Amino acid sequence: MKPKRKPSHLVMNRLAIVLKEERVSNKHLAEVLGYEPATISKWATNTIQPPLATFFRIALTINRDLKDFFISSKDIDGEEKKKLLKELAVIAEKGKRTGKK
406 MKPKRKPSHL
416 VMNRLAIVLK
426 EERVSNKHLA
436 EVLGYEPATI
446 SKWATNTIQP
456 PLATFFRIAL
466 TINRDLKDFF
476 ISSKDIDGEE
486 KKKLLKELAV
496 IAEKGKRTGK
506 K
């Protein structure tokens, strides 16, 4: 059986960068939103992704544009695009098997 492989290079959000720019700590954001600081840390390190609605709440809370939280797909090309598409297909397939969307 193959070991489970977590996408190591897959950066889907820029939460850590935005929080640093705004001088907002994980702890403070967790308190404001009602989450554990460890959850915010997982989002910021792209270990897990929050729902889009949560990104919208964060954007409104710290007065930033929603698009600031994401990398631009236009900046991804060639081999990196192929790698990302494979990684995303794995994630999507996992969601199908678990019933998560």
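Under this note's numbering, think of the first position of the sequence shown as 406, with each following residue one higher. C-beta: ideal position from N, C-alpha, C; glycine also. From a predicted model like this one, the values you see are computed outputs, not experimental measurements.
{"query": "In angstroms with no decimal places, state the Cα-to-Cα distance between E492 and G500.", "result": "13 angstroms"}
{"query": "Kindly list the residues whose CB is nearer than 6 angstroms to the CB of A447, restricted to its own chain and excluding five residues on each side of it in sequence; keep chain order.", "result": "Here residue 447 is Lys; the residue named in the question, Ala, does not match the sequence. I453."}
{"query": "If distances are taken between C-alpha atoms only, which option among K425, E426, I445 and L420 comes closest to K432?", "result": "I445"}
{"query": "State whether the segment 459–472 contacts the segment 483–491, with contact taken as three or more CB pairs (one from each stretch) at a distance under 8 angstroms.", "result": "no"}
{"query": "Between the C-alpha atoms of V423 and R462, what's the straight-line distance to the nearest angstrom?", "result": "14 angstroms"}
{"query": "Just confirm the distance between the C-beta atoms of L420 and A443, as a whole number of angstroms; I'd bet it's less than 8 angstroms.", "result": "Going by Cβ atoms, the distance from L420 to A443 rounds to 14 angstroms, so no, they are not a contact pair."}
{"query": "For F460, I'd like the list of residues in its chain whose CB is within less than 7 angstroms of its CB, leaving aside the five on either flank, ordered along the chain.", "result": "L471 and F474"}
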